[in-house]
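Q: With the working numbering applied, the sequence shown covers 17 to 205. For glycine and all other residues, C-beta sits at the position ideal for the given N, C-alpha and C.
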Amino acid sequence: MALNAVQLCSRALVALAARPISAFDDGSVEAEVARHVYPATRDALLSAYPWRFATAQTDLARLAAPPRADFSHAFQLPPDFLRALSAGIAERGRGIGYRIVAGNLHANAEQITLTYILRPDEASFPAFFDQALCARLAAEFCLPLTESTSRAELLFKLSEDEFRRAKAVDAQQGEPGRIEDFTLVEARL
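Right under this line is the structure:
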């Protein structure tokens, strides 16, 4: 079942024995905390690991103005960008040196294909990520709502366990990475 942001926050609140919310602006303390904490927590969890469901590739638009130093071209990052994984050319999405500066990608290549972590719609989150996100939200909501540091510490430990489980499931969603272009292998040939 696909959940939206309010439903994810409500599940986390229920785990704390707090009242679920109907909207981020429903006037309750729980909604106020959720409204402030949810976006940063979601983005931090998405950025913390190269989730296969949140990985995308795109060709970047080159900007007219070049960077001030170090690189010859600047490119506009996509609006849903959270974290870069690699940059390359269309045939090979990695292998080009780059730097992220002030919301742009700088590189010496004329064209860039960026592999990155995006901010997907909550409805596309798989169940294993929903579980990890709800666990992290419960931990984040705990202190402002209950003022219990010991309970918050326990919830953070539990959220780390859920995060590890989610990473293990996500890692099984594709072919394992291979070592390519390794100088010691090339030297043996």
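1. Please classify Ser38: is it buried, with 16 or more other beta-carbons within 10 angstroms of its beta-carbon, or exposed?
2. Is it buried or exposed for Thr165, if we count other Cβ within 10 angstroms and need 16 for buried?
3. DSSP state of Ala91, grouped into three classes?
4. Can you name the start and end residues of the alpha helix (DSSP H) that Leu61 belongs to?
5. By how many angstroms is the C-alpha of Ala123 removed from the C-alpha of Arg115?
6. If you check the beta carbons only, do Ala151 and Ile128 fall under 8 Å apart?
7. Beta carbon of Ala47: closer than 7 Å to some heavy atom of the ligand FAD?
8. Return the CA-CA distance between Ala182 and Asp146, expressed in angstroms with no decimal places.
9. Which of helix, strand or coil does DSSP assign to Asp75?
10. Smallest Cα separation from Ala85: which of Gly111, Val117 and Pro94?
11. Let's see if you can read the secondary structure: which residues bound the alpha helix (DSSP H) around Ala39?
12. Does the beta-carbon distance from Phe97 to Tyr132 come in below 8 Å?
13. Please classify Arg180 as buried or exposed, where buried requires at least 16 other C-beta atoms within 10 Å of its C-beta.
14. Excluding the five sequence neighbours on either side, which residues of its own chain have a C-beta within less than 7 Å of the C-beta of Glu46, listed in chain order?
15. For Gly119, which residues of its own chain have a beta-carbon under 7 Å away from its beta-carbon, when the five flanking residues on both sides are left out?
16. Assuming contact is defined by CB atoms lying nearer than 8 Å, are Ala70 and Leu62 in contact in what I supplied?
A: Reading off the structure:
1. exposed
2. exposed
3. The sequence given here places Phe at residue 91; Ala does not occur at that position. In this structure, Phe91 counts as strand in the three-state DSSP scheme.
4. Val45 to Ser63
5. 7 Å
6. Not closer than 8 Å, so no.
7. Here there are no bound small molecules, and the ligand FAD is not part of this structure.
8. Cα-Cα distance, rounded: 9 Å.
9. strand
10. Selected option, being the one with the closest Cα: Val117.
11. No alpha helix (DSSP H) holds Ala39; DSSP gives it neither H nor E.
12. Going by beta carbons, Phe97 and Tyr132 fall inside the 8 Å limit.
13. exposed
14. Leu29, Ala34, Arg35, Ile37 and Leu161
15. Leu93
16. yes
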